[in-house]
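K.L.:
Numbering (UniProt numbering), first residue to last: 1 to 160. Each residue gets a CB set at the ideal place from its N, CA and C atoms; glycine is no exception. Quick one: this structure, given as structure tokens, is what I'll be asking you about.
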């Protein structure tokens, strides 16, 4: 919901939302109990690394798939993301572009690291995608309840 309502915002509203999220992240955090042990990274490989980087942003495979579709138009099933993590599906240009968008980095950077040829050269993510990726990174330490606050603010800004 946060990304869905952030992407269509005007730049000033996206910036306000990021400032708000940054301030929330700087507040003392409530004590949390670990509900489940962290999933170990998959086998060595770039698919595993990219999915693990997104897991550090509190995005599981389903959240990665949904967010990737919203941010890049690369719409894959969570099982495809999981197969990429496990090395059962090789990274291709399309997935690379999707991962680059969610991470907020130019696809050329990931292409140079992975050796996968990108489908198109780009200067990096659009401003709205870069802001959404930065927001995802900023809220990574917040609880689900805390993330609702900027998500609701984004929804209010989006719907006026």
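With a CB to CB cut of under 7 Å and the five nearest residues on each side skipped, what residues in its chain are close to residue 45?
P.N.:
In the chain shown, counting from the first residue as 1, residue 45 sits at position 45. Result list for residue 45: 87, in chain order.
K.L.:
Counting beta carbon pairs with one atom in the stretch 126-137 and one in the stretch 7-26, are three or more of them shorter than 8 Å?
P.N.:
Flag = yes, the stretch 7-26 and the stretch 126-137 touch.
K.L.:
With contact counted as at least three CB pairs below 8 Å, one residue from each stretch, are the stretch 114-127 and the stretch 76-94 in contact?
P.N.:
With the cut-off at 8 Å, the stretch 114-127 and the stretch 76-94 touch.
K.L.:
With three or more C-beta pairs closer than 8 Å as the rule, is the stretch 13-30 touching the stretch 69-80?
P.N.:
They do not touch, by the three-pair rule.
K.L.:
Under DSSP, the alpha helix (DSSP H) around residue 69 begins and ends at which residues?
P.N.:
On the chain shown, residue 69 is found 69 positions in, with the first residue counted as 1. Residues 61-72.
K.L.:
Reducing DSSP to helix, strand and coil, say where residue 159 ends up.
P.N.:
Start at 1 with the first residue of the chain shown, and residue 159 comes out as number 159. Here residue 159 sits in helix by DSSP.
K.L.:
Give a yes or no on whether the C-beta atoms belonging to residue 111 and residue 95 are separated by under 8 Å.
P.N.:
Counted from its first residue, the chain shown places residue 111 at position 111. Counted from its first residue, the chain shown places residue 95 at position 95. No; because the gap between Cβ atoms is not below 8 Å, this pair is not in contact.
K.L.:
Measuring only the C-alpha atoms, how far is residue 101 from residue 68?
P.N.:
Residue 101 sits at position 101 when you count from the first residue of the chain shown. Residue 68 sits at position 68 when you count from the first residue of the chain shown. One C-alpha to the other measures close to 7 Å.
K.L.:
Ends of the alpha helix (DSSP H) at residue 14?
P.N.:
Residue mapping note: residue 14 aligns to position 14 of the chain shown, counting from 1. Counting along the chain, the alpha helix (DSSP H) containing residue 14 begins and ends at 11-26.
K.L.:
Between the Cα of residue 141 and the Cα atoms of 76, 14, 18 and 25, which residue gives the shortest distance?
P.N.:
Stepping through the chain shown from its first residue, residue 141 is reached at position 141. Considering only alpha carbons, the answer is 25.
K.L.:
Contact defined as beta carbons within less than 8 Å: I believe residue 77 pairs with residue 65. What is the distance between those atoms, to the nearest angstrom?
P.N.:
The sequence position of residue 77 within the chain shown is 77, counting from 1. The sequence position of residue 65 within the chain shown is 65, counting from 1. That pair is a contact at about 6 Å.
K.L.:
How many whole angstroms separate the CB atoms of residue 146 and residue 18, which I take to be in contact at a CB cut-off of 8 Å?
P.N.:
Walking along the chain shown from the start, residue 146 turns up at place 146. Walking along the chain shown from the start, residue 18 turns up at place 18. That belief does not hold up - the Cβ atoms of residue 146 and residue 18 are roughly 15 Å apart, past 8 Å.
K.L.:
Measuring alpha carbon to alpha carbon, tell me which residue in 13, 124 and 21 is nearest residue 106.
P.N.:
As a position in the chain shown, residue 106 is number 106, starting the count at 1. Nearest option by C-alpha distance: 124.
K.L.:
Can you tell me where the alpha helix (DSSP H) holding residue 48 begins and where it ends?
P.N.:
The count along the chain shown starts at 1 and reaches residue 48 at position 48. Its alpha helix (DSSP H) spans residues 46-55.
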